[in-house]
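Enquirer: Residue 5 is where the sequence shown starts when you use the numbering used here, and the numbers rise one by one after that.
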Amino acid sequence: MAERGAGYVESKPLLHLYHSYFESLVMDALPSILYRVLGKHAAFRFIAESTRKAAMEALKRVNRYLGVTGSLTLNETLSLQTQGYRNHSTSRSIGMVVQSFDKMVDKGDEFILETENCAYAELAARCPVTCAACVGLMAGILSSMGHNAYPIMHGSELRILCRSLAARNIDYVVYRDDVQLPRCRIIVKRIKC
């Protein structure tokens with residue numbers, strides 16, 4: 005029994021285990037349950053903010069473990085999201101699905117990350133708040149790199165956010181543009197209130 009279990013200590017099976025757990029919980033189970041219990045807006049808010057905070061904490065711990073200091077520019081951080089060939093070759097080798105984007109468009113105060121094939125399209129088609137996890141994850145990655153980002157459900161929420169005190173500490177909002185699945189378009193927009 006110990007010999008059979010020894011393989012799980014290796015990094016690839018362990019990474020696959022953690023990723024499968026994350027995907028099952030954050031991309032499937034929680035969105036479905038919270039959508040039914042809380043409704044669309046409250047469920048989105050809860051998932052996006054929880055995922056943002058978790059991503060920030062995870063990246064802080066990884067950077068501390070690796071001894072990484074400093075941060076990347078916004079453009080550098082977002083460009084990493086379009087290097088799918090690196091992410092996917094590693095993830096495929098351990099049987100994982102990782103969302104990456106085919107292209108990034110820099111419009112000055114707005115960045116657009118886009119892909120024709122969302123890795124979570126099937127889950128998102130079943131539950132309208134599944135995308136909150138990706139939006140929150142992106143906001144968490146940006147925030148951990150020193151670009152204070154806040155996840156919102158739609159671009160129209162920016163007006164409401166600008167009226168609140170919370171906008172004073174936020175540099176960017178992150179949201180999923182309303183495009184037909186399996187396409188996915190994430191918008192990162194500088195706040196100008």
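C-beta: ideal position from N, C-alpha, C; glycine also.
Helix, strand or coil, according to DSSP, for V178 in the structure here?
Expert: As a position in the sequence shown, residue 178 is number 174, starting the count at 1. Strand at V178.
Enquirer: Counting only the same chain and skipping the five closest in sequence on each side, list residues whose C-beta sits under 6 Å from that of D175.
Expert: Along the sequence shown, one-based indexing puts residue 175 at 171. Closer than 6 Å at the Cβ level, and outside the excluded window around D175, lie H151 and N152.
Enquirer: Which residues does DSSP list as the beta-bridge partners of I145?
Expert: What you label residue 145 is simply residue 141 of the sequence shown in a count that begins at 1. None, per the DSSP bridge assignment.
Enquirer: Per DSSP, Y154 is paired with what?
Expert: Within the sequence shown, residue 154 is the residue found at index 150, counting from 1. Beta-bridge partners of Y154 (DSSP): V177.
Enquirer: Skipping 5 residues on each side, what residues in its chain have a beta carbon closer than 6 Å to that of T119?
Expert: The residue given as residue 119 occupies position 115 in the sequence shown. F105, D106 and C188, listed in sequence order.
Enquirer: Starting from R130, follow the alpha helix (DSSP H) in both directions and report where the run begins and ends.
Expert: Taking the first residue of the sequence shown as position 1, residue 130 is located at position 126. Element bounds for R130: A125 to R130.
Enquirer: Would you verify that the beta carbon of H23 is, or is not, closer than 8 Å to some beta carbon of chain D?
Expert: Structure shown: chain D not included; a single protein chain is present.
Enquirer: Hey, could you find the ends of the beta strand (DSSP E) M60 is sitting in?
Expert: One-based indexing of the sequence shown puts residue 60 at position 56. Note, M60: premise wrong, no beta strand (DSSP E); alpha helix (DSSP H) at K44 to L70.
Enquirer: Tell me the rounded alpha-carbon separation between D182 and T77.
Expert: Within the sequence shown, numbered from 1, the residue matching residue 182 stands at position 178. Within the sequence shown, numbered from 1, the residue matching residue 77 stands at position 73. Using only the alpha carbons, I get a separation of about 27 Å.
Enquirer: Let me know the secondary structure DSSP gives C188 once reduced to three states.
Expert: Here residue 188 corresponds to residue number 184 of the sequence shown, with the count starting at 1. Three-state DSSP puts C188 in a strand.
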